[in-house]
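Enquirer: Note that the sequence shown covers residues 4 to 331 in the numbering used here.
In this text, a Cβ means the ideal position worked out from N, Cα and C, and glycines have one as well.
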Amino acid sequence: MIKLERVNKSFQNGKPAVSDVSFEVNTGETLVLLGTSGSGKTTTLRMINRLIAPDSGKIYVNGEAVTAQETTSLRRNIGYVLQDNGLFPHYTVAENIGIVPSLLKWDKKRIEERTRTLMEKLHLPADEYYDAYPQQLSGGQQQRVGLARALAADPPVLLMDEPFGALDPVTRASVRNEFRSLDEISNKTVIMVTHDVQEAFQLGDRICLMDKGTIQQTGTPAELLFSPANEFVTQFFREQRLLLELNAVKLSDIRTLLPTDHVTEKVSFILPEDASCWDALEQMTTLSAPVYYSFDDKLIRIDSAALMQAFTQYKQTISSNGRSTRLS
């Protein structure tokens with residue numbers, strides 16, 4: 004869906020902002036551009052929808068070079084979410100959300116239905132906020148409107164530049180979880196910029212770690228942790244390593260190391276198939292009890308001791324193998 008080939012960009016001072024950047028993002032995949040300030044991640048993002056022109060290299064969206072596409076048409080097929088939300092202060096919430104559908108000549112009823120649907124999904128009751136103005140909303144509510152606006156025309160591609168960066172930690176986590184659970188995201192190609200490591204690990208299928216305008220490594224969270232390409236990658240994740248490992252390792256990765264005794268009684272909550280070790284530990288803390296996970300049509304009871312034992316065994320195994328792998 005999105006492909007960059009040896010893209011370069013320097014600004015007026017001659018200092019390279021992006022050097023020889025290449026990556027490919029598949030349809031329905033979320034790629035996170037991660038790095039410190041000045042690493043080139045935002046410049047890379049803005050070249051995709053032609054807000055910035057590269058000096059050299061090629062960028063493709065949906066198999067076609069962006070330079071061959073009419074700029075307005077290209078951008079209408081790409082949702083764009085900014086850190087400061089970019090809402091028009093003199094437009095109501097509904098008018099802000101409906102901007103692109105209006106430009107695409109949707110009829111009013113269709114725009115209203117789409118607007119109300121997205122507002123409800125993002126916990127902005129339409130009865131209360133439909134006719135409100137941005138200045139009447141909290142920061143978290145404004146960012147939800149920004150997300151709804153980017154999704155309103157159901158674009159196949161979504162670009163996000165530090166979308167949750169201006170929010171306080173509690174609101175940030177809440178909006179991030181809402182975004183993660185949206186069914187609209189499941190079939191979209193998403194590229195997101197962030198400097199927040201935990202955010203990258205939570206939202207990204209793959210992570211492109213950048214430093215000083217160059218890509219240091221692109222891979223899954225587990226690949227970056229357990230098979231780092233160089234010392235920079237290793238050191239970048241050092242301070243939060245255990246938490247990141249618990250987030251990166253899924254229960255499906257360690258299922259053969261978990262207890263084999265299955266239970267038959269009814270339970271109120273079963274961890275989802277893609278749950279991480281961290282998800283399981285959080286749920287255990289919340290419930291003050293073991294949790295349940297299902298695979299091969301069997302319901303497995305997991306307590307913290309069994310989970311951590313399996314997690315440790317998994318790490319030892321992949322360390323011996325020298326690479327990340329699912330045990331089977």
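1) Helix, strand or coil, according to DSSP, for S327 in the structure here?
2) Quick one, are the C-beta atoms of L34 and D208 less than 9 Å apart?
3) For P137, which of N88, L247, F235 has the nearest alpha-carbon?
4) Between L227, V24, R175, L274, which lies nearest to G142 when the distance is taken from Cα to Cα?
5) Classify R241 as buried or exposed, calling it buried when 16 or more other Cβ atoms lie within 10 Å of its own Cβ.
6) Could you name the residues that DSSP lists as bridge partners for Y83?
7) So the beta strand (DSSP E) E8 belongs to, where does it begin and stop?
8) For D264, tell me which candidate among H198, R304, G101 has the shortest Cα-Cα distance.
9) Mind checking which residues open and close the beta strand (DSSP E) that includes P19?
10) Near R49, which residues of its chain fall below 7 Å by C-beta distance, leaving aside the five closest residues on each side in sequence?
11) Put Y317 into one of helix, strand or coil per three-state DSSP.
12) In the DSSP assignment, find the alpha helix (DSSP H) that holds T289 and state where it starts and stops.
13) Would a C-beta distance cut-off of 9 Å place L227 and I218 closer than the cut-off?
14) Which residues in the same chain have their Cβ closer than 7 Å to the Cβ of F14, if we skip the five residues on either side of it in sequence?
15) Three or more C-beta pairs under 8 Å: does that hold for the stretch 188-199 against the stretch 103-123?
16) Taking only three categories from DSSP, how would you classify F182?
17) Distance check for L254 and S297, CA to CA, integer angstroms please.
18) Check each candidate in E202, D186, L185, D157 and name the one with the smallest Cα separation from D164.
19) How is the beta strand (DSSP E) around K301 delimited, first residue to last?
20) If you run the structure through DSSP and keep just helix, strand and coil, what is K215?
21) Select from A232, G168, N190, E248 the residue whose C-alpha is nearest the C-alpha of Q145.
22) Since I believe V252 is in contact with L274 (beta carbons under 8 Å), could you give me their beta-carbon distance rounded to a whole number of angstroms?
23) Over what stretch of residues does the beta strand (DSSP E) that includes G60 continue unbroken?
24) How is the beta strand (DSSP E) around V103 delimited, first residue to last?
25) From the DSSP output, in three-state form, read off Y136 for me.
26) With V69 and I51 assumed to form a contact (beta carbons below 8 Å), what rounded beta-carbon distance in angstroms separates them?
27) Return the CA-CA distance between T223 and H93, expressed in angstroms with no decimal places.
28) What is the rounded straight-line gap between the Cα of D300 and the Cα of T267?
29) In angstroms, rounded to a whole number, what distance separates the CA positions of F182 and F272?
30) Going along the chain, which residues of its own chain have a beta-carbon closer than 8 Å to the beta-carbon of L330, five neighbours each way excluded?
31) In this structure, does DSSP put T34 in helix, strand or coil?
32) Going by C-alpha distance, which of D157, P128, H198 is nearest P104?
33) Is T288 buried or exposed, if buried means 16 or more other CB atoms sit within 10 Å of its CB?
34) Please report how far the alpha carbon of I81 lies from the alpha carbon of L121, in whole angstroms.
Expert: Let's see:
1) The count along the sequence shown starts at 1 and reaches residue 327 at position 324. For S327, the pLDDT reaches just 47, beneath the cut-off of 50, and the residue's location in the model is therefore unreliable, although a value from the coordinates is still provided. If DSSP states are grouped into helix, strand and coil, S327 belongs with coil.
2) Counting from 1 along the sequence shown, the entry for residue 34 is found at position 31. Counting from 1 along the sequence shown, the entry for residue 208 is found at position 205. Against a cut-off of 9 Å, the Cβ pair of D208 and L34 comes out as a contact.
3) Numbered from 1 along the sequence shown, position 134 holds the residue referred to as residue 137. Of the candidates N88, L247, F235, N88 places its Cα closest to the Cα of P137.
4) Within the sequence shown, residue 142 is the residue found at index 139, counting from 1. When each option's Cα is compared against that of G142, the closest is R175.
5) Position 238 of the sequence shown holds residue 241. With fewer than 16 neighbouring CB atoms inside 10 Å of its own CB, R241 falls in the exposed class.
6) For the purposes of this step, residue 83 is taken as residue 80 along the sequence shown, with counting starting at 1. Answer by DSSP bridge pairing, in chain order: L162.
7) Sequence index remark: in the sequence shown, residue 8 carries index 5 (1-based). Counting along the chain, the beta strand (DSSP E) containing E8 begins and ends at 5-13.
8) Translated into the one-based positions of the sequence shown, residue 264 becomes position 261. The option with the nearest alpha carbon to D264 is R304.
9) Your numbering for residue 19 matches position 16 in the sequence shown. 19-28 is the extent of the beta strand (DSSP E) around P19.
10) Within the sequence shown, numbered from 1, the residue matching residue 49 stands at position 46. Only I55 meet the Cβ criterion.
11) In the sequence shown, residue 317 corresponds to position 314, counting from 1. Looking at Y317 - three-state DSSP - the assignment turns out to be helix.
12) Residue numbering aside, residue 289 sits at position 286 when the sequence shown is read from its first letter. Note, T289: alpha helix (DSSP H), 280-290.
13) Stepping through the sequence shown from its first residue, residue 227 is reached at position 224. Stepping through the sequence shown from its first residue, residue 218 is reached at position 215. Not closer than 9 Å, so no.
14) The residue you call residue 14 lines up with position 11 of the sequence shown. Taken in chain order, the residues that qualify are A20.
15) By the Cβ rule, the stretch 188-199 does not count as touching the stretch 103-123, because fewer than three pairs are nearer than 8 Å.
16) Taking the first residue of the sequence shown as 1, we reach residue 182 at position 179. If DSSP states are grouped into helix, strand and coil, F182 belongs with the helices.
17) To locate residue 297, count along the sequence shown from 1; it is residue 294. To locate residue 254, count along the sequence shown from 1; it is residue 251. Straight-line spacing of the CA atoms in S297 and L254 works out to 10 Å.
18) Translated into positions along the sequence shown, residue 164 becomes position 161. Out of E202, D186, L185, D157, E202 has the C-alpha closest to the C-alpha of D164.
19) The count along the sequence shown starts at 1 and reaches residue 301 at position 298. First-last of the beta strand (DSSP E) with K301: 301-305.
20) The residue labelled residue 215 in the question sits at position 212 within the sequence shown. Looking at K215 - three-state DSSP - the assignment turns out to be coil, as it is neither helix nor strand.
21) Indexing the sequence shown from 1 puts residue 145 at position 142. Looking at the Cα atoms, G168 is the closest of the given residues.
22) The residue given as residue 274 occupies position 271 in the sequence shown. The residue given as residue 252 occupies position 249 in the sequence shown. Not quite, the Cβ-Cβ distance comes to about 14 Å (not below 8 Å), so this is no contact.
23) Looking up residue 60 in the sequence shown gives position 57. It spans 59-64 - the beta strand (DSSP E) in which G60 sits, taken as one unbroken run.
24) Within the sequence shown, numbered from 1, the residue matching residue 103 stands at position 100. In this chain, V103 is not harboured by any beta strand (DSSP E); it is covered by the alpha helix (DSSP H) spanning 102-106.
25) Translated into the one-based positions of the sequence shown, residue 136 becomes position 133. Note: Y136 maps to coil in three-state DSSP.
26) Taking the sequence shown and counting its residues from 1, the one referred to as residue 69 is at position 66. Taking the sequence shown and counting its residues from 1, the one referred to as residue 51 is at position 48. Going by Cβ atoms, the distance from V69 to I51 rounds to 7 Å, so yes, they are a contact pair.
27) Along the sequence shown, read from residue 1 onward, the residue named residue 223 stands at position 220. Along the sequence shown, read from residue 1 onward, the residue named residue 93 stands at position 90. If I take the Cα positions, the gap works out to 42 Å.
28) Walking along the sequence shown from the start, residue 300 turns up at place 297. Walking along the sequence shown from the start, residue 267 turns up at place 264. Just so you know, the alpha carbons of D300 and T267 end up roughly 11 Å apart.
29) Your numbering for residue 182 matches position 179 in the sequence shown. Your numbering for residue 272 matches position 269 in the sequence shown. About 22 Å.
30) In the sequence shown, the residue the question calls residue 330 occupies position 327. Annotation note: pLDDT 48 at L330 (below 50); position unreliable, no value reported.
31) If you number the sequence shown from 1, residue 34 lands on position 31. For the sequence presented, residue 34 should be read as Leu rather than Thr. Secondary structure at L34: strand, using DSSP grouped into helix, strand and coil.
32) For this step, residue 104 is matched to residue 101 along the sequence shown. Of D157, P128, H198, the residue nearest in Cα terms is D157.
33) Position 285 of the sequence shown, counting from 1, holds the residue named residue 288. It is exposed - the Cβ of T288 has fewer than 16 other Cβ atoms within 10 Å.
34) Numbered from 1 along the sequence shown, position 78 holds the residue referred to as residue 81. Numbered from 1 along the sequence shown, position 118 holds the residue referred to as residue 121. Rounded to the nearest whole angstrom, the CA to CA distance from I81 to L121 is 17 Å.
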